[in-house]
Ligand code: SF4
Ligand code: SF4
């Protein structure tokens, strides 16, 4: 089957997807409702998905509710607090365990081999975020073996967005709402009165093989031109719902030239330094390492844990923190995301998913912060990018 061939399927036909992935040895991870949010977890069938649920999001606000039309949409929500870095770059990893034996010690084990995983329900902005973390964590001279082992062989079932949240701005970042590559299968869900079907296309040989199993009579399931247009229109509708914008024109130079802008003081008065924005961000990757021993001193473990540029200890160097103020920490985060990330990795560190806006307890909005600086740039004080890396 040609990769670009699109098939159309009913919900009943799509139900064979999870068993088809299981039979190939994948553990399937997908969206599920837990504790009032849509998160990612192991799913055993499509009925584990957030059937008929949607999310409401605003700056500093997230709620789940049943969809208005009481349909049974599987993917009728946007993005939740978690991203796929939960599995690829987890919050805590035991790097090694060691046990003392006389005057020496033995390394007992390293991280167990992760299961082969299939990700079900990956949005376009999330594919972009995975590509960013690929670049950061395995595209450089020092490849992260933990990430690489988890990333290898992932089967990705992407989903085109057919609705957007007020916090989304993927259209500004060029990452969505349509998926453009990096998937094995891509779905577009079509729901309406008396209708529930999926337009599916393969993006790899592995995806084409699964698709052939789901649609054993390809001729009868090839999506008609009308169905394809309907799917396109659904994605266009999501794009047209996106009102939030970030003007990225010259953003790197804009931020480097506004290191002393008064807006940093303004945002520092609102920011709680809680680090939520970095925890929910699908591209933030910073970690710290803790060594712990038991009370007898015979057993030790080395844990890698997510860290955040919003914590004071993050910039602790030989006796003190480099960034002691809330102002310097917020400025570091935003300037890294949108400016120095481009120098380091050749792309923006932001994919426009909007999570940092939704999950900021005081509703700080990265797009508003950029706009404020752009609309009244500082006259021109420090324009050195080095200065953004170490200043209280
Ligand atoms: S900075 Fe905010 S909007 Fe951008 S990728 Fe991170 S969480 Fe999403
Ligand atoms: S910007 Fe918001 S989420 Fe981020 S540290 Fe400040 S208060 Fe917390």
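Residue numbers (the working numbering): 1369 to 1760.
Beta carbons are placed, not taken as given, at the ideal position from N, Cα and C, and that holds for glycine.
Note that the structure is a prediction, hence the values are computed from the model and not measured.
Residue span of the beta strand (DSSP E) that contains residue 1673, given as start and end: Counting from one through the chain shown, the residue named residue 1673 turns up at place 305. 1667-1674 is the extent of the beta strand (DSSP E) around residue 1673.
Determine the extent of the alpha helix (DSSP H) in which residue 1713 is found, giving its start and end residues. Counted from its first residue, the chain shown places residue 1713 at position 345. Its alpha helix (DSSP H) spans residues 1709-1713.
Rounded to whole angstroms, what's the CA-CA distance from residue 1544 to residue 1535? Just pull it up for me. Locating residue 1544 in the chain shown gives position 176, counting from the first residue. Locating residue 1535 in the chain shown gives position 167, counting from the first residue. Cα-Cα distance, rounded: 13 Å.
Option in 1382, 1539, 1630 and 1380 with minimal Cα separation from residue 1605: In the chain shown, counting from the first residue as 1, residue 1605 sits at position 237. Nearest of 1382, 1539, 1630 and 1380 to residue 1605, Cα basis: 1539.
In this structure, how does DSSP classify residue 1761 when only helix, strand and coil are distinguished? Given that the chain is displayed from residue 1369 to residue 1760, the structure contains no residue 1761 and the question cannot be resolved.
Taking only runs of the alpha helix (DSSP H) that begin and end inside the stretch 1637-1661, which ones reach a length of at least 4 residues, in chain order? 1644-1648
Under 7 Å between the Cβ atoms of residue 1583 and residue 1388? As a working mapping, residue 1583 is identified with position 215 in the chain shown. As a working mapping, residue 1388 is identified with position 20 in the chain shown. No, the Cβ-Cβ distance between residue 1583 and residue 1388 is not below 7 Å.
Would residue 1413 and residue 1650 be called neighbours here (beta carbons separated by less than 7 Å)? As a first step, residue 1413 is located in the chain shown; it is residue number 45 there, counting from the start. As a first step, residue 1650 is located in the chain shown; it is residue number 282 there, counting from the start. Against a cut-off of 7 Å, the Cβ pair of residue 1650 and residue 1413 comes out as no contact.
Contact the stretch 1681-1699 vs the stretch 1632-1643: 3+ CB pairs below 8 Å: yes
By the DSSP assignment, the beta strand (DSSP E) with residue 1609 in it spans what residues? Here residue 1609 refers to the residue found at position 241 when the chain shown is read from its first residue. Per DSSP, residue 1609 belongs to no beta strand (DSSP E); it is in the alpha helix (DSSP H), 1593-1609.
Using the DSSP secondary-structure output, state which residues sit across from residue 1730 in a beta bridge. In the chain shown, counting from the first residue as 1, residue 1730 sits at position 362. The partner list for residue 1730 (beta bridge, DSSP) is empty, contrary to what the question assumes.
Ignore the nearest five residues each way along the sequence and tell me which others in residue 1740's own chain have a CB closer than 7 Å to its CB. For the purposes of this step, residue 1740 is taken as the residue at position 372 of the chain shown. Closer than 7 Å at Cβ, skipping near neighbours: 1631.
Take the Cβ of residue 1380 as the centre, count every other Cβ of all protein chains shown within 10 Å, and call the residue buried at 16 or more, exposed below. Counting from one through the chain shown, the residue named residue 1380 turns up at place 12. Residue 1380 is exposed by the Cβ-count criterion.
Is residue 1425 helix, strand or coil by DSSP? To locate residue 1425, count along the chain shown from 1; it is residue 57. Reduced to three states, the DSSP call for residue 1425 is strand.
Along the chain, which unbroken stretches of the alpha helix (DSSP H) at least 4 residues long are found entirely within the stretch 1453-1522? 1453-1456, 1492-1506 and 1513-1519
Do the stretch 1394-1403 and the stretch 1476-1494 touch if we need at least three Cβ pairs shorter than 8 Å? yes
Pairing CB atoms from the stretch 1567-1579 with CB atoms from the stretch 1544-1553, are three or more of them under 8 Å? yes
Quick one: is the Cβ of residue 1566 within less than 6 Å of any heavy atom of ligand 2? To locate residue 1566, count along the chain shown from 1; it is residue 198. Every heavy atom of ligand 2 is 6 Å or more from the Cβ of residue 1566, so no.
Rounded to whole angstroms, how far is the Cβ of residue 1648 from the Cβ of residue 1723, which I believe are closer than 8 Å? Along the chain shown, read from residue 1 onward, the residue named residue 1648 stands at position 280. Along the chain shown, read from residue 1 onward, the residue named residue 1723 stands at position 355. About 4 Å separates the two Cβ atoms, so the contact holds.
Can the beta-carbon of residue 1738 be found less than 7 Å from the beta-carbon of residue 1541? Here residue 1738 refers to the residue found at position 370 of the chain shown. Here residue 1541 refers to the residue found at position 173 of the chain shown. No, they are not a contact pair.
What does a CB cutoff of less than 7 Å around residue 1504 pick up in its chain, not counting 5 residues either side in sequence? Here residue 1504 is taken as the residue at index 136 of the chain shown, counted from 1. Closer than 7 Å at the Cβ level, and outside the excluded window around residue 1504, lie 1653 and 1713.
Rounded C-alpha distance that separates residue 1717 from residue 1746: Within the chain shown, numbered from 1, the residue matching residue 1717 stands at position 349. Within the chain shown, numbered from 1, the residue matching residue 1746 stands at position 378. Answer to the nearest angstrom: the Cα atoms are 24 Å apart.
Would you decide whether residue 1624 is buried or exposed? Buried here means 16 or more other CB atoms lie within 10 Å of its CB. Here residue 1624 refers to the residue found at position 256 when the chain shown is read from its first residue. When all chains shown are included, residue 1624 counts as buried.
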